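>
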Amino acid sequence: MKKVQQHPFAEILITWYKGHARDLPWRRTNDPYIIWLSEIILQQTRIAQGLPYFYKLSEAFPTVFDLAAADETTLFRLWQGLGYYSRARNLHKTAKNIAENHAGKFPNTYSDLIKLPGIGPYTAAAIASFAFGEASPVVDGNVFRILARYFGIETDILHASARKEFTALAKELIPAADPARFNQAIMEFGSLQCSPAPDCATCPLLATCFAYQQDRISLLPVKSKSKPQRIRHFQYFVIEQDGKFLVHQRRGKDIWQGLWEFFCIESVDLNNTLNLYPFLSPLMEHATILKAPAIHVLSHQKIVSAAWLIQLPKEFRMEMPADYHWILSSKFEQLGKPVLLLNLITDNIVLKELLEG
Ligand code: SF4
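If you're matching positions, the sequence shown starts at 220 in my numbering and goes up one per residue.
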């Protein structure tokens, strides 16, 4: 591994940043609330996708008190489409904690920020450096990648000790005089220059980059194979009667917790699902296929789903499954739904018109 002192890494990075930085709204403020909000939105989300959500959420909740006072349905509706809904739930919880227990003020040091539930090392370092000028390095996937390549670090980044090792190195590199700019620069460099498919030809670090010089770019960072993706099967039944739809809110420790969906059966495959819920069989004479089986990919799971539309005559009496409710389409429109269902609605003209009343 190359010695840190051998190269003015930080200086080169900051000079590069001055010429390449994108003008983003959260970079124009040192308000810890806005910085925190942007960091949570951008976790596992590209800037282009996160930007409209940042505008929507910061406009709806300009202060931590506004966010703390929001009801969950409104927040989920605004978050809809961004995925990873646990982020929205934790955002809400942390906002309430800061509003109620810290008089709406974020602590101003990394060591106090990290004590707050819902704020991890990356977010604490981002707030501490961007809002309060503390020399706390941010360490995320981008930083792992740049440091592993540039310094030739062979540690498996999925190993428990990796964060400690990379953070220690980043602490040596971050300049006390301009920590915020260094953190912004390394993040931007990871997204624009030293990306998974890096642009080495125009890179200012090329002459001294270990991975480039040793032809090891595709081998660094080292990342052991992650677990195989779980495959799940969801059969949806959009059951409508007299302008109302049968829906439920997903609960428990699972994907889409708190979001709303139509009647759904999860099983080992999409065959014979009706046997699991005998009340459905008599309903099927009113059913038409809405969607043939298709795959929806999440970060660690693949969902194979199909959908039926069942329009029941007014007088039809059916057994109500537990935890389901009839609601008007206008009410359903206001509730947060998984992207899979939003796509089902948008892609299907019959269903779209039915829901629009
Ligand atoms: S030369 Fe290539 S691999 Fe090395 S730091 Fe630059 S972009 Fe990354």
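By construction, the Cβ of each residue, glycine as well, lies at the ideal position given by its N, Cα and C atoms.
Nothing here was measured: the structure is a model prediction, and the numbers come from that model.
So, using beta-carbon positions, are Arg296 and Gly555 closer together than 7 Å?
It is a contact, given that the beta carbons lie within the stated cut-off.
> Inspect the CB distances between the segment 491-500 and the segment 528-543 and report whether three or more fall short of 8 Å.
With a cut-off of 8 Å, the segment 528-543 and the segment 491-500 count as touching, because enough Cβ pairs lie within range.
> Does DSSP put Gln225 in a helix, in a strand, or in coil?
Per-residue confidence for Gln225 stands at a pLDDT of 45, beneath the threshold of 50, marking its modelled position as unreliable; no derived number is given.
> I need the straight-line Cα distance from Val358 to Gln432, nearest angstrom please.
Near 24 Å, if we compare the C-alpha coordinates of Gln432 and Val358.
> Under 7 Å between the Cβ atoms of Pro512 and Val523?
Result yes, Cβ atoms of Pro512 and Val523 sit closer than 7 Å.
> Starting from the Cα of Ala399, find the closest Cα among Asp473, Thr282, Ala354, Glu459 and give me that residue.
Nearest option by C-alpha distance: Ala354.
> Within 10 angstroms of the Cβ of Ala229, are there 16 or more other Cβ atoms? Answer buried if so, exposed if not.
It counts as buried.
> In angstroms with no decimal places, state the Cα-to-Cα distance between Lys222 and Cys419.
Only weak support is given to the placement of Lys222: the predicted model assigns it a pLDDT of 47, under 50, and the value that follows is read from those uncertain coordinates. So the two alpha carbons sit approximately 21 Å from each other.
> Would the segment 553-571 and the segment 504-518 be scored as touching if the rule is three or more Cβ pairs under 8 Å?
As far as the Cβ criterion goes, the segment 553-571 touches the segment 504-518, which means the pair count is three or higher.
> Could you name the residues, in chain order, whose CB is less than 7 Å away from a heavy atom belonging to the ligand SF4?
In chain order, the hits are Ile365, Arg368, Tyr369, Gln412, Cys413, Pro417, Asp418, Cys419, Cys422, Leu424, Leu425, Cys428, Ala430, Tyr431, Ile436.
> Hey, Leu327 and Phe351: beta-carbon distance below 7 Å or not?
Inspection of the sequence shows that residue 327 is occupied by Asn rather than by Leu. Contact flag set, yes.
> Using the C-alpha atoms, what's the distance from Val558 back to Phe482?
Near 16 Å, if we compare the C-alpha coordinates of Val558 and Phe482.
> Which one of Leu528, Gln448, Asn491 has the shortest CA to CA distance from Cys460?
Sequence check: residue 460 is Gln here, not Cys. Per the Cα distances, Leu528.
> Is Thr492 buried or exposed, if buried means 16 or more other CB atoms sit within 10 Å of its CB?
Looking at its Cβ environment, which holds 16 or more other Cβ atoms inside 10 Å, Thr492 is buried.
> Just the C-alpha distance for Trp235 and Gly269, rounded to the nearest angstrom, thanks.
One C-alpha to the other measures close to 24 Å.
> Helix, strand or coil for Ala508 per DSSP?
Ala is not the amino acid found at residue 508; the sequence shown has Ile there. Looking at Ile508 - three-state DSSP - the assignment turns out to be strand.
> If you follow the alpha helix (DSSP H) that His311 is in, where does it begin and where does it stop?
That run of the alpha helix (DSSP H) goes 304-320.
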